[in-house]
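As numbered in the numbering used here, residues 82 to 239 make up the sequence shown, in order.
Every residue gets a Cβ at the ideal spot worked out from N, C-alpha and C, and that includes glycine.
Structure first, then comments.
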Amino acid sequence: MLQQKKTVFTTILCLFFIFLGGPSQAQKNSKSIATKTAIDTVKAKAIAVDTLKPRLKLKAFKTKAHASYYHNKFNGKRTSSGVRFSNDKYTAAHRKLPFGTKLKVTNEFNGKWVIVEVIDRGPFSRGREIDLSRRAFMEITSNKNSGVTIVKLEIIEN
């Protein structure tokens, strides 16, 4: 705690002298020490945060896939896996992937992504690779009036 206060004080002092007319050699040395300490502190915090979140193991599945979303008329109906469908959850339908497969779906135009679980079969429209729940689709799309977008699919492995 004392080291952090010294670092903050030294940084403020250096900035104050710089604005008054330029630093002396002593101020340059103290500024570089303060800067190095601040950078080390930031790096340490970044490493600590990085170790807390688990890394996803992703396996590329398909790029430039066409994705659409479920109509509201399917809300509450049973899916192929037996689960009741809800447009408020992060779920998807795929023709061949096993039920329960987790996918990272990334919009190729804007980089937004969601993680969904395959709970149904479909889509039954030619040229479409995946059907997303409305919530998942609206979260990644930039044009809310569109019903189709181009996505990249990655399988999340445990």
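Is the distance from the Cβ of residue i to the Cβ of residue j below 9 Å?
{"i": "Ile211", "j": "Ala148", "result": "yes"}
{"i": "Lys233", "j": "Thr182", "result": "no"}
{"i": "Leu139", "j": "Glu220", "result": "no"}
{"i": "Arg216", "j": "Asn153", "result": "no"}
Check for me: the alpha helix (DSSP H) holding residue i runs from which residue to which?
{"i": "Ile238", "result": "Note that residue 238 corresponds to Glu in the displayed sequence, not to Ile. Per DSSP, Glu238 belongs to no alpha helix (DSSP H); it is in the beta strand (DSSP E), 229 to 238."}
{"i": "Glu210", "result": "From DSSP, Glu210 is part of no alpha helix (DSSP H); its letter is neither H nor E."}
Please identify the residue among the options whose C-alpha is closest to the C-alpha of residue i.
{"i": "Lys170", "options": "Ser161, Tyr150, Asn188", "result": "Tyr150"}
{"i": "His175", "options": "Glu220, Lys154, Asn168, Ser161", "result": "Ser161"}
{"i": "Trp194", "options": "Lys177, Lys158, Arg159, Ser223", "result": "Ser223"}
{"i": "Leu178", "options": "Lys154, Ile200, Leu213, Gly192", "result": "Ile200"}
{"i": "Ile196", "options": "Gly157, Phe155, Arg202, Ala173", "result": "Ala173"}
{"i": "Phe242", "options": "Lys158, Lys185, Phe205, Glu198", "result": "The requested residue 242 does not occur in the structure, where the chain is confined to residues 82 to 239."}
{"i": "Ser214", "options": "Gly192, Ser206, Phe180, Glu198", "result": "Glu198"}
Which two residues bound the contiguous beta strand (DSSP E) that contains residue i?
{"i": "Asp201", "result": "194 to 201"}
{"i": "His175", "result": "172 to 175"}
{"i": "Ser149", "result": "138 to 150"}
{"i": "Thr187", "result": "183 to 188"}
Excluding the five sequence neighbours on either side, which residues of its own chain have a C-beta within less than 6 Å of the C-beta of residue i, listed in chain order?
{"i": "Thr144", "result": "Lys233"}
{"i": "Lys124", "result": "Any answer about Lys124 is weak, because its pLDDT of 47 lies below 50 and its placement is not dependable; what the coordinates show is given next. Hits under 6 Å: none found."}
{"i": "Gly244", "result": "Because the chain here runs from 82 to 239, residue 244 falls outside it and cannot be looked at."}
Using C-beta distances below 8 Å, list every residue in its chain close to residue i, excluding the 5 sequence neighbours before and after it, in chain order.
{"i": "Arg209", "result": "His147, Ala148, Ser149, Val229"}
{"i": "Phe190", "result": "Ser223, Thr230, Ile231"}
{"i": "Val130", "result": "Here Val130 scores only 44 on pLDDT, less than 50, and its place in the model should not be relied on; the value that follows carries that caveat. Hits under 8 Å: none found."}
{"i": "Arg207", "result": "none"}
### Query
Would you call the segment 152 to 168 and the segment 224 to 231 touching, i.e. three or more CB-CB distances under 8 Å?
no
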